[in-house]
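Single-structure report; data block below.
Residue numbers (our numbering): 65 to 139.
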C-alpha cells in the first residue's frame, strides 16, 4: 500500500525547505533535480507526495554520498 504525505512531512524527511523542494521540481531552477519525486494532486488545491518515492530518493542520495566518500578516501 502506498502512503501519501504532505509537504511538512516531506520537509521533515528530507531536511529541505519548502522553497528548496519546489526548486528541485522546477526545470528552470539551478537546483532542479529530475529525480526528485513529483507530488500527486489529491484535491483541487492540495497535493501530497508518495512516501515510498521520497524514501527512495533519500536512499539514493545517501548511497551516492557514501560512494563519493569512499572514492575520495581511495584517492
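Even for Gly, the Cβ is constructed at its ideal location relative to N, Cα and C. Note that the coordinates shown come from a computational prediction; the quantities given were computed from them, not determined experimentally.
Can you give me the C-alpha to C-alpha distance between residue i and residue j, rounded to a whole angstrom?
i	j	result
residue 71	residue 96	17 Å
residue 125	residue 94	18 Å
residue 101	residue 82	14 Å
residue 109	residue 134	44 Å
residue 132	residue 89	24 Å
residue 127	residue 67	23 Å
Could you check whether residue j and residue i sit closer than 7 Å to each other, using their CB atoms as the reference points?
i	j	result
residue 98	residue 113	no
residue 77	residue 106	no
residue 115	residue 69	yes
Taking buried to mean at least 16 other C-beta atoms within 10 Å of its own C-beta, is residue i buried or exposed?
i	result
residue 74	buried
residue 122	exposed
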